[in-house]
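Structure record follows, encoded as structure tokens.
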Amino acid sequence: MSEGNTNSDSSVNDLDFLRMDWHKFLKARRSGGGFKLLENYKNDTPGDYDFPVTHVLWIQGAQCTGCSESLLDAANPELLKAFEILNIDLERHEAFLAHQGLFVDGEPANTSELNSEILLDEISERGNYILMVEGAIANGPEGSGKYFMSGNRSSKEMFKKAARNADLIIAVGTCAAYGGINSANSDIVDILDYRGVAFTKKDPSKGILKVLGIDKPVINIPGCPPHPDWIIFTLSAIISGNIRIPDDLPEVLDEFGRPKVFFPPDYNVHKDCPRKEFFKNKEFDTCVGGEKCLLKIGCQACLAHADCTLRKWNDGHSYCVQAGSPCIACVEPDFPDNARPLYSSKKCKTGKEADR
Amino acid sequence: MVRVTVDPLTRVVGPLRLDTEVDENGIIKEARSSNMIFRGFERIYRGQDPRDSILLSQRICGVCPVAHSISAVNALDELFGVAQSVPKDALVARNINQGLNTISNHLLHFYILWGPDLANPAYGDVLFTFGDLGGSVWKELLGRFAPISYKIGGEVIPPGSSYVGVIPMKKRLHDAGAVIGGKMPHQTVMYPGGVTNNPTTSDIQTLSSIMSEVIDFLNTNAIRMPFEDWVENTYKASSPKKAVDFLIEHLNDLIENSLQTNDLSRSNGCGDIELYSAFGSELIGERSLGLPISFKHDKMGGYSDLSKVSFLSYGGFYNVDQEGYDPTSPSGDRFQTSGFMTSSLEFHKFDSNKVTESVKHAFYDDYDGYKHPYEGTTEPFTDPDRINYQNFSEEKYTWAKAPRYDGIPCEVGPLSRLLIMKEPLVTGLVQMFRENGYSPFNCFTRMIARMQELFIITNEMIKWITTDLDPNGKFRVDIDMSTSSDSRGMGLCEAPRGALGHWLITDSDSKVANYQIVTPSTWNLSPRDSEGVPGPLEQALVGCRISAVDNWLGVDFSNPTGILHVGRSYDPCITCAVHTIDLTGKNSPGTFRLL
Chain U
1 MSEGNTNSDS SVNDLDFLRM DWHKFLKARR SGGGFKLLEN YKNDTPGDYD
51 FPVTHVLWIQ GAQCTGCSES LLDAANPELL KAFEILNIDL ERHEAFLAHQ
101 GLFVDGEPAN TSELNSEILL DEISERGNYI LMVEGAIANG PEGSGKYFMS
151 GNRSSKEMFK KAARNADLII AVGTCAAYGG INSANSDIVD ILDYRGVAFT
201 KKDPSKGILK VLGIDKPVIN IPGCPPHPDW IIFTLSAIIS GNIRIPDDLP
251 EVLDEFGRPK VFFPPDYNVH KDCPRKEFFK NKEFDTCVGG EKCLLKIGCQ
301 ACLAHADCTL RKWNDGHSYC VQAGSPCIAC VEPDFPDNAR PLYSSKKCKT
351 GKEADR
Chain H
357 MVRVTVDPLT RVVGPLRLDT EVDENGIIKE ARSSNMIFRG FERIYRGQDP
407 RDSILLSQRI CGVCPVAHSI SAVNALDELF GVAQSVPKDA LVARNINQGL
457 NTISNHLLHF YILWGPDLAN PAYGDVLFTF GDLGGSVWKE LLGRFAPISY
507 KIGGEVIPPG SSYVGVIPMK KRLHDAGAVI GGKMPHQTVM YPGGVTNNPT
557 TSDIQTLSSI MSEVIDFLNT NAIRMPFEDW VENTYKASSP KKAVDFLIEH
607 LNDLIENSLQ TNDLSRSNGC GDIELYSAFG SELIGERSLG LPISFKHDKM
657 GGYSDLSKVS FLSYGGFYNV DQEGYDPTSP SGDRFQTSGF MTSSLEFHKF
707 DSNKVTESVK HAFYDDYDGY KHPYEGTTEP FTDPDRINYQ NFSEEKYTWA
757 KAPRYDGIPC EVGPLSRLLI MKEPLVTGLV QMFRENGYSP FNCFTRMIAR
807 MQELFIITNE MIKWITTDLD PNGKFRVDID MSTSSDSRGM GLCEAPRGAL
857 GHWLITDSDS KVANYQIVTP STWNLSPRDS EGVPGPLEQA LVGCRISAVD
907 NWLGVDFSNP TGILHVGRSY DPCITCAVHT IDLTGKNSPG TFRLL
């Protein structure tokens, strides 16, 4: 594969970015460069975008389809254009394709053209695919996985089938990466026992892969939901061959399996906050609707390792803090417990003082 | 009897199992709807700040997150005693957020979740027996509604123009959602007393321009006539009959023109909704327009015993002519009024005390009969051996409870809302089907109602954005945290899929003692209740012919398009329809008992 564009401080070659130093990447972001990444690549290196087909198998566990919805919001370029450029063959997806589980007298019926479960079996037997997982995998109750059933199997069995022959697993969203909202603290969290793919919360010994005794390279793209750029640009770096799987992963991922270029270890949502001057001057809002720093009404931006402030959401239109709402650090492995109570200063959790 | 099971029914949100027994003539005799996921969602609120539900409850559903944040914030408005004083402009902003999400949801449903079933090869097989016209119809279905990665008989089918075309439109609606709501999915701006942001003049311009794109999209793809003309002659028609007459006359002109050349293309005037309206229904297509063939969607998904089902709406969108609103009994002057309607179209005022639930057929410990959401208990099975659903003999077969209104199963969603607000076109269609001996609440009317709602909400959105939203207005009143102890709040709203309610109780420390959510899909996909009466979807499946066009080419058990259409016509959301909380007393924390 071609090396593509040469990097400069003001333009970013997407196909290289996953390996590039994230300081440089963010610097380019700040100067407004490199937003139409895939299109640049196509224009500048004609002929080099004839990638061989990449098969993608998508499965949904306990989730809300928000990650898939977010993927539909891809902007630079739009989703189907990105699939075309990268030659991605989305073979199975529970929300977008023709398939469903079909059984006659309990036996799988029809063919893989219409039956999602036969299709799953065929793809997983064949191999040669990237598995993208949306949602947490049920392990409860009592290790049965029966809190989530689909196609006459538990999500745990479905995941096992799909993971076994995958070349790579991408955990899309905080639920798939770390359990997310399904693993939020409650009196029944241990009974539910939802698991992320390679982690549950911060614990790599509790990922569902460990439970099943499967060892696979995993990339986590957390966020509730994740930004579509994070998903598509990660795929582009893999498909272009700039990231070799699994050899390069230790270099490009952080300790929680996230691409450092989007989730930089020593950068956070607070660093480029438009309200930062207020923070420096210790001017804090104490109720919603103001223009000052939101720290005292729960903002977790300084603990959120992500580039939302620079990238912004929905084609650059806005993001949480811009809309006057505290950052809830939804990209972190212990979301949502890390951010609760969401609207109170975390430094003085006790009493109602914090709320006033 | 043949057992035909669709598991999972995809292109819905979350895992849904539809299990049926079908006779040798291909007619469904018995049906069960099983919600196959237990997420333990509402329990994460307990002992926590009630305001957390604004952001966290959106994580129940990434397709309709705004409705969950509005229901949550409505419950909080009542809890903090500010519902009557939420400023007008904040109500407008909330309406715009919800409107954008509903439009986006309905487009997603018609084009990506529902549409691909029209490109099912079974339709090709039937249509090929109808010569050139059949061939033209099939060409349009495939050319518009084929999903991505689609193959028929090994041949790769390129994705349809409508399917492909809606994705950028949906993206733009989420862009607009970010402009007014911070980001999408999972927006951030709802807050008791109002909203957290102050929309600017430039925001209003962006929103107006995206709404113009919506209208362009509808004019280009959905209906090939000016948006205003459609709204004027259907939604604003002087009587239901006039609205239906207009539709049929319009289709008649269109079809007459198209049949001369067998050209049913969009450029020849046949928009997606026009094509579906003409060919979707036997009564309209064959009996009114004289077409030789239709999909007969008006003969599936109806209710065989009309005494066992009714229609419910909590009332959609705030009335923005005044400040504040009544949280306990949504008033009749909302854009979409609340109400309860019997299947003979008798209207009754909505009374939230009549909402109850039964757990007899769900994987929870039994209680006697029915309980109001404030009083119910939920004790989930934790022994895996007790979670079985494969056999029809199992008494319990789903994680969804059975909600009832005054003891009756209710359909919720666009069809119910439009009937209850007496929208002329949908009311007229229902009357016409009834007068002609069809079950009036069928797949076809359900789909047309959703599409018509797309138009009427778009129409109302333009008013909210260009006339009502004042960037210099007031967008919040302050809340007093000390008022939230030992209190309760009920948050009702209309999600894209139907009536959504959040019920919340706090303890003396202002923390959540109990939180209960009853979602639209719990209503529609309800299992049997304590009396054994099936839920709306279960009833709608019974009597349905499972293969395409009323089993036109015989019965194909392995391609049950009837089940797919009827199931998806409700726009199901399974991850919403899960119950987890136990409420053992009005003001005391519940006790969770392990089995």
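Those protein sequences? They're chains U and H, same order as listed.
Heads up, the first sequence stops at 356 in the working numbering, and the numbers go up one at a time, no gaps.
Heads up, the second sequence stops at 951 in the working numbering, and the numbers go up one at a time, no gaps.
All C-beta atoms in this analysis are idealised placements derived from N, C-alpha and C, irrespective of residue type, glycine included.
None of the values given here were measured: they were computed from a predicted structure.
Glu713 of chain H is bridged by DSSP to H:Lys727 and H:Pro759. Across the structure, Thr712 of chain H and Asp724 of chain H are spaced so that their CA atoms are roughly 12 Å apart.
The beta carbon of Lys664 of chain H sits no closer than 9 Å to any beta carbon of chain U. Distance from the Cα of Arg790 of chain H is smallest, within the candidate group H:Leu662, H:Arg832, H:Gly910 and H:Gly437, for H:Leu662. Contact between the stretch 834-844 of chain H and the stretch 855-864 of chain H is established, with three or more Cβ pairs separated by less than 8 Å. Looking from the CA of His99 of chain U, the closest CA among H:Val368, H:Ser409 and H:Asn870 belongs to H:Val368. Look at Gln746 of chain H here: in three-state DSSP terms it is coil, with no helix or strand label. Inside the stretch 440-514 of chain H, DSSP marks whole beta strand (DSSP E) runs of 3 or more residues at positions 506-508 and 511-513, from first to last along the chain.
When only Cα atoms are considered, Cys327 of chain U and His270 of chain U end up about 9 Å apart.
For Asp379 of chain H, the CB contacts under 7 Å within the same chain, skipping 5 residues up- and downstream, are Met357 and Lys385 in chain order. Taking CB atoms only, Arg92 of chain U has a neighbour in chain H less than 9 Å away.
Looking at the DSSP output, Asn220 of chain U shares a beta bridge with U:Ala171.
Look at the beta carbons and you see the stretch 813-820 of chain H not touching the stretch 614-632 of chain H: under three pairs across the two are nearer than 8 Å. The alpha-carbon of Ala109 of chain U is positioned some 26 Å away from that of Lys752 of chain H. Counting C-beta pairs with one atom in each stretch, the stretch 766-778 of chain H and the stretch 737-756 of chain H have fewer than three that are closer than 8 Å, which means they do not touch. Chain U has no Cβ within less than 9 Å of the Cβ of Thr878 of chain H.
Between the stretch 315-330 of chain U and the stretch 543-559 of chain H, the count of Cβ pairs shorter than 8 Å is three or higher; the stretches touch. Burial is judged here by how many other beta carbons sit within 10 angstroms of a residue's own beta carbon; Ser666 of chain H has at least 16 and is buried. Put simply, the backbone Cα of Ala428 of chain H is about 14 Å away from that of Gln404 of chain H.
Judged by their CB atoms, Leu456 of chain H and Gly923 of chain H are not nearer to each other than the 9 Å cut-off. The beta carbons of Phe51 of chain U and Asn87 of chain U sit about 4 Å from each other, so the pair counts as a contact at 8 Å. Against chain H, a Cβ distance below 7 Å from Ser345 of chain U picks out nothing, because the smallest value is about 12 Å. If you look at Ser914 of chain H, you'll find it isn't in any alpha helix (DSSP H); DSSP assigns it neither H nor E.
Shown in chain order are the members of the stretch 109-123 of chain U whose Cβ falls below 7 Å from a Cβ of chain H: Ala109, Asn110, Glu113, Leu114 and Ser116. In the assembly as shown, His424 of chain H is a buried residue. Its beta-carbon has 16 or more other beta-carbons within 10 Å.
Distance between His858 of chain H and Ile452 of chain H, taken at the CA atoms: about 21 Å. His424 of chain H: member of the alpha helix (DSSP H) spanning Pro421 to Leu435, first to last residue. Along the stretch 891-925 of chain H, going in chain order, the ones with a CB nearer than 8 Å to a CB of chain U are Phe913, Ser914, Asn915, Pro916 and Leu920.
Thr54 of chain U: member of the beta strand (DSSP E) spanning Thr54 to Gln60, first to last residue.
For Phe96 of chain U, at least one C-beta of chain H is nearer than 9 Å to its own C-beta. Note on geometry: alpha-carbon atoms of His606 of chain H and Tyr794 of chain H lie some 22 Å from one another. Within the stretch 143-212 of chain U, the runs of beta strand (DSSP E) that reach at least 3 residues and sit entirely inside it are, in chain order, 168-172.
Within the same chain, and ignoring the five residues on either side of Arg580 of chain H in sequence, the residues whose Cβ sits closer than 6 Å to its Cβ are Gly625 and Gly627. Sorting H:Val362, H:Arg373 and H:Arg359 by C-alpha distance to the C-alpha of Ser882 of chain H places H:Arg373 at the top. Using a 10 angstroms sphere on the CB of Asp433 of chain H, the tally of other CB atoms reaches 16 or more, which defines it as buried. The alpha-carbon separation between Gly207 of chain U and Phe199 of chain U amounts to approximately 4 Å.
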